[in-house]
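Here the protein sequences line up with chains A and B, keeping their order. Numbering follows my numbering, with no gaps: position 248 of the first sequence is 248. To convert, take the position in the second sequence, counting from 1, and add 320; that gives my numbering. Report on one structure; see the data block that follows.
Protein chains: 2
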Amino acid sequence: MTIYFKNAYIKNAYSVVGRNEYDISIKGDLHINDYYLSKKSFEQGESELLIKSISGLLSKCKKKETDIDVALSGDLQSQILASTLAYRNFSIPFLGLYSACATFCEGLIIGSNLLENKGINNIIISTSANNLASEKQFRFPIEYGAIRKYVNTFTATAAVSTLLTKEKTEIKIESATIGTVVDIGYNDANNFGAVMALSASKTISEHLKETNRSSEYYDIILTGDLGVYGVEILKELLRNEYKINATNIVDAGSILLKDTSVVAGGSGPVCLPLILFNKILKEKYKKILLVATGALHSKTSVNLKESIPNISHVVSLEVL
Amino acid sequence: MTIYFKNAYIKNAYSVVGRNEYDISIKGDLHINDYYLSKKSFEQGESELLIKSISGLLSKCKKKETDIDVALSGDLQSQILASTLAYRNFSIPFLGLYSACATFCEGLIIGSNLLENKGINNIIISTSANNLASEKQFRFPIEYGAIRKYVNTFTATAAVSTLLTKEKTEIKIESATIGTVVDIGYNDANNFGAVMALSASKTISEHLKETNRSSEYYDIILTGDLGVYGVEILKELLRNEYKINATNIVDAGSILLKDTSVVAGGSGPVCLPLILFNKILKEKYKKILLVATGALHSKTSVNLKESIPNISHVVSLEVL
Chain A
1 MTIYFKNAYI
11 KNAYSVVGRN
21 EYDISIKGDL
31 HINDYYLSKK
41 SFEQGESELL
51 IKSISGLLSK
61 CKKKETDIDV
71 ALSGDLQSQI
81 LASTLAYRNF
91 SIPFLGLYSA
101 CATFCEGLII
111 GSNLLENKGI
121 NNIIISTSAN
131 NLASEKQFRF
141 PIEYGAIRKY
151 VNTFTATAAV
161 STLLTKEKTE
171 IKIESATIGT
181 VVDIGYNDAN
191 NFGAVMALSA
201 SKTISEHLKE
211 TNRSSEYYDI
221 ILTGDLGVYG
231 VEILKELLRN
241 EYKINATNIV
251 DAGSILLKDT
261 SVVAGGSGPV
271 CLPLILFNKI
281 LKEKYKKILL
291 VATGALHSKT
301 SVNLKESIPN
311 ISHVVSLEVL
Chain B
321 MTIYFKNAYI
331 KNAYSVVGRN
341 EYDISIKGDL
351 HINDYYLSKK
361 SFEQGESELL
371 IKSISGLLSK
381 CKKKETDIDV
391 ALSGDLQSQI
401 LASTLAYRNF
411 SIPFLGLYSA
421 CATFCEGLII
431 GSNLLENKGI
441 NNIIISTSAN
451 NLASEKQFRF
461 PIEYGAIRKY
471 VNTFTATAAV
481 STLLTKEKTE
491 IKIESATIGT
501 VVDIGYNDAN
511 NFGAVMALSA
521 SKTISEHLKE
531 TNRSSEYYDI
541 ILTGDLGVYG
551 VEILKELLRN
561 EYKINATNIV
571 DAGSILLKDT
581 SVVAGGSGPV
591 CLPLILFNKI
601 LKEKYKKILL
611 VATGALHSKT
621 SVNLKESIPN
631 ISHVVSLEVL
């Protein structure tokens, strides 16, 4: 389902980057060393990350809370707690999203569409994750010392807030393809790349077909976050199932944390915007296809041995 | 933040109603007696409720999956599991929402706005709850026999799916006011009515001010779900804080389950659409203000003794 936008532009972004995520190429706007951010839990710490990214964005754009018409936010915590605890500090109309690691693109899609309404001019899209909150929620608290598989990704600790506006800027949101929920019957919560490659291949091929474009139309196709192994499965699926030989696919998770001991790379909803704003948009790409991939499981579904539904949303950016 | 819609109409709805929720006035389209729906968990049972409401809606409207451009869905389960497990069975582009019991109005708002895009014509908004999944998630599994307070509401077991369309029907979605997250510092997860009355009063007063309407402009103001005590707190807040004497407020939760042993009434995201489609729209109201109220807590925030952020979204319907 591909839709086109007339009035949607990205004005700015503010990234708060965690202890392990900060490196030479990913500096972000603010570097935080403490997973707790002086709070008593990782969950509340994540909310603080988000608060800092929202406040940071407002002051970077010289906007007041009252200048923002709507905020869209989501995260990995149950009942998107990080987002709701953060946004109670801001007097900004709020719509909560849940799309796991595909949240950033879901936000861009709904936000770009909200800008079609003449009453709406400025929108914040935000997302966050705290590695230690996510690991507890989806796998094991790290102090359990559970053995990690080589296909395990590492949820990036960060928060990114983005300002969308009708005002023409250098970054236009041109079109988007909304994904469907798919499920191959695979239930390994330690191998999200393999789980999510299916929906990524499906939405990318739909996007290219519906826009009548080839993969070379884009200077870069940025997935987030399949990890080192998942992105190879995606390329194979595109080649074998859809006859698409995309040599320009780069995975945000495979860029983030690539020099650390994390074998399969970074993951989480912030992975894609973190790499987009702090690396990709600083390079000379003109046409960028964002592919946000999400594994739609929960602790309950893992315990029920349910297979993992997954979804990918695609957004086309034009750098003017 | 009030926005207006030009092209948004409700075409139809399909309600699947649980064991205790079915009564003389609330028949719904399908009555289900089993909390499990032959699945092995309440969570998967809830997903089945949702599947039945989506399939039911499609056949009631004589639509195929491919006729639907987007589905928006959310529920109370962590990581909106009921919605994602349900929608993996449908080839419909999907956007996940989380706004607790305010989800139905959030869906109407985002959905009505998506209809402004010329590529989008038909949207499904759905939501669900299973009492036994929610009680486990937010309070105690009922077999623990924890004592309930007299202000406790009872999460309604049901699923409702609604078809939104550009095609002119009798029910027009005229405008909406998007709420902000507020928090009075109150943390009693057994008294949601008291928690949510604050945001309800705030968004209602904003809506009336921004549209330059008095409360009498509406034939009925339907809140969902403050319960028997919460709705009285709302009336008092409107009177004392905003000088609004609204005599036409009726609470969906106070209508649902009112003849049972549940003291404070029904609650949950389906409460509002269930009463709207099965009772209010069958009566002679012409101007209806929907006020969906949501408590934005989680099991984690309750254990952290965090106060409960809350949000209310308001939607104005005109019956033509």
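Quick reminder that beta carbons are idealized off the backbone N, C-alpha and C, glycines included.
Check                                                                                                                        : Outcome
Contact set between the region 398-432 of chain B and chain A, restricted to residues whose Cβ is under 8 Å from the partner : S398, Q399, I400, L401, T404, L405, Y407, R408, F410, S411, I412, P413, F414, L415, G416, L417, Y418, S419, A420, E426, I429 and I430
Extent of the continuous beta strand (DSSP E) to which G614/B belongs                                                        : K607 to A615
Residues of the region 197-229 of chain A with Cβ closer than 7 Å to any Cβ of chain B, in chain order                       : none
Strand pairing of T473/B, partner residues [DSSP]                                                                            : Paired residues: none, contrary to the question.
Distance, K602/B Cα to S316/A Cα                                                                                             : 44 Å
Where the beta strand (DSSP E) through N442/B begins and ends                                                                : N442 to A449
Coil, strand or helix - V582/B by DSSP                                                                                       : coil
Proximity to T482/B [Cα-Cα], best of P629/B, G348/B and T620/B                                                               : G348/B
Option nearest N507/B by Cα separation, candidates T620/B, L528/B and I430/B                                                 : T620/B
Chain B contact for T162/A (CB, 8 Å cutoff)                                                                                  : no
Closest Cα partner of I51/A within the set S126/A, I120/A, D69/A and T66/A                                                   : S126/A
Against chain B: residues of the region 175-193 of chain A by CB proximity under 7 Å                                         : I178, G179, T180, V181, V182 and D183
Boundaries (first-last residue) of the beta strand (DSSP E) holding S335/B                                                   : Y329 to V337
Minimum Cβ-Cβ distance from N130/A to chain B less than 8 Å                                                                  : no
Proximity test, Cβ basis, 8 Å: I3/A and chain B                                                                              : yes
N- and C-terminal bounds of the alpha helix (DSSP H) containing I429/B                                                       : T423 to L434
Proximity of A297/B and L396/B at Cβ, strictly below 8 Å                                                                     : As displayed, chain B neither begins before 321 nor continues past 640, which places residue 297/B out of reach and without an answer.
8 Å Cβ cutoff met for S448/B and A496/B                                                                                      : no
Close beta carbons around F414/B, own chain, < 6 Å, minus the five adjacent residues each side                               : A391 and Y407
Start-end ranges of the alpha helix (DSSP H) lying completely within the region 517-583 of chain B, minimum 4 residues       : 547-562 and 572-575
Residue burial classification, K305/A (beta-carbon count within 10 angstroms, cutoff 16)                                     : exposed
Contact set between N117/A and chain B, taken where Cβ atoms lie within less than 7 Å                                        : I323, N433 and E436
Neighbour list for V390/B in chain A, Cβ cutoff strictly below 7 Å                                                           : M1 and I178
Within-8 Å CB hit, K619/B to chain A                                                                                         : yes
Contact with chain A by P593/B, beta-carbon distance below 8 Å                                                               : no
Contact list for I440/B against chain A, beta-carbon separation under 9 Å                                                    : M1, I3 and N113
Proximity test, Q364/B beta-carbon vs the ligand MG heavy atom, cut-off 7 Å                                                  : With respect to small molecules bound, the structure shown includes none, and the ligand MG cannot be examined in it.
CA-to-CA distance, Y329/B to E494/B, given in whole angstroms                                                                : 9 Å
Members of the region 130-156 of chain A near chain B, C-beta cut-off 7 Å                                                    : none
Check whether V291/A and A194/A have beta carbons under 8 Å apart                                                            : no
Secondary structure of N191/A, DSSP reduced to three states                                                                  : coil
Cβ distance (whole Å) where I444/B is taken to contact I374/B below 8 Å                                                      : 7 Å
Closest Cα partner of I220/A within the set V160/A, D251/A and Y35/A                                                         : D251/A
Nearest residue (CA-CA) to L274/A, options K6/A, F5/A, H31/A and Y4/A                                                        : H31/A
Sub-8 Å separation of L484/B and G431/B beta-carbons                                                                         : yes
Candidates V471/B, K578/B and K326/B, of which the one nearest K438/B by Cα                                                  : K326/B
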